[in-house]
Amino acid sequence: GENVEQHPSTLSVQEGDSAVIKCTYSDSASNYFPWYKQELGKRPQLIIDIRSNVGEKKDQRIAVTLNKTAKHFSLHITETQPEDSAVYFCAASLPGANSKLTFGKGITLSVRP
Amino acid sequence: KAGVTQTPRYLIKTRGQQVTLSCSPISGHRSVSWYQQTPGQGLQFLFEYFSETQRNKGNFPGRFSGRQFSNSRSEMNVSTLELGDSALYLCASSLVRDREQFFGPGTRLTVL
Chain A
1 GENVEQHPST LSVQEGDSAV IKCTYSDSAS NYFPWYKQEL GKRPQLIIDI
51 RSNVGEKKDQ RIAVTLNKTA KHFSLHITET QPEDSAVYFC AASLPGANSK
101 LTFGKGITLS VRP
Chain B
1001 KAGVTQTPRY LIKTRGQQVT LSCSPISGHR SVSWYQQTPG QGLQFLFEYF
1051 SETQRNKGNF PGRFSGRQFS NSRSEMNVST LELGDSALYL CASSLVRDRE
1101 QFFGPGTRLT VL
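These protein sequences, in sequence, are chains A and B.
Counted the way the numbering used here counts, the first sequence spans residues 1 to 113.
Counted the way the numbering used here counts, the second sequence spans residues 1001 to 1112.
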């Protein structure tokens, strides 16, 4: 089955700097890659997603890039703010009957004021 | 539109007991997935239901089961509870499969 790994497991940045979180996946047939943000004590919420027919997607300060050849995708957050501090999960999904989200173990992002 | 709701929010059980958790998806959503969240392990997929049928199952023992009703509400059951079953159980709904999933607040299960 699919396996998703996130690196690093923790990341600390200064407010205003950029943060990059990388994920790798194992099954080249995966075609959907969402990113979820989970603040302390709250439910995970989708912040951005990308499909395999697209190489990059942006939404204000957040962007996701996908490299299908290398089987990795990254979350980019620019001009980080303290409210960006949270756990970020990447996930990958196979299409069709095997469709299910396989999540990475999460990365804790801390933004220092 | 009301979000995904889960009941109860907290549960304390003892080893050997069984428990049933409930999830009400967003109105119109037909797919419901269940996840177990533990520190350091992230979100682990339990199963997915779509139109009252289990479509996919994760690598959990048979003590974990679920079902979905005609109104798309879903329940999961864990029998013969073990200490290691202590976790946050999240359900998520989506309009159709392979689309954005919206999570509920979770049920915090503690097994003593």
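Each residue gets a CB set at the ideal place from its N, CA and C atoms; glycine is no exception.
Endpoints, beta strand (DSSP E) assigned at A:Lys-37: 32-38
Stretch-stretch touch, CB-based, cutoff 8 Å, three pairs: the segment 1021-1035 of chain B with the segment 1057-1076 of chain B: Contact holds: three or more Cβ-Cβ distances are below 8 Å.
Neighbour list for B:Gln-1041 in chain A, Cβ cutoff strictly below 8 Å: Lys-105
Alpha-carbon spacing of A:Phe-33 relative to A:Val-13, whole angstroms: Taking the CA atoms as reference points, A:Phe-33 sits about 24 Å from A:Val-13.
DSSP state of A:Asn-53 mapped onto helix, strand, coil: The answer is coil: DSSP assigns A:Asn-53 none of H, G, I, E or B.
Same chain, Cβ closer than 8 Å to B:Ser-1027, five either side skipped, listed in chain order: The residues are Lys-1001, Ala-1002.
Any C-beta of chain A under 9 Å from that of B:Pro-1105: yes
Contact set between B:Gln-1101 and chain A, taken where Cβ atoms lie within less than 8 Å: Simply Pro-34, Leu-46, Leu-101.
B:Gly-1104 burial status per 10 Å Cβ neighbour count (16 or more: buried): buried
Cβ shell of A:Pro-44 (< 8 Å), same chain only, five flanking positions each side left out: Tyr-36, Lys-37, Gln-38, Phe-89
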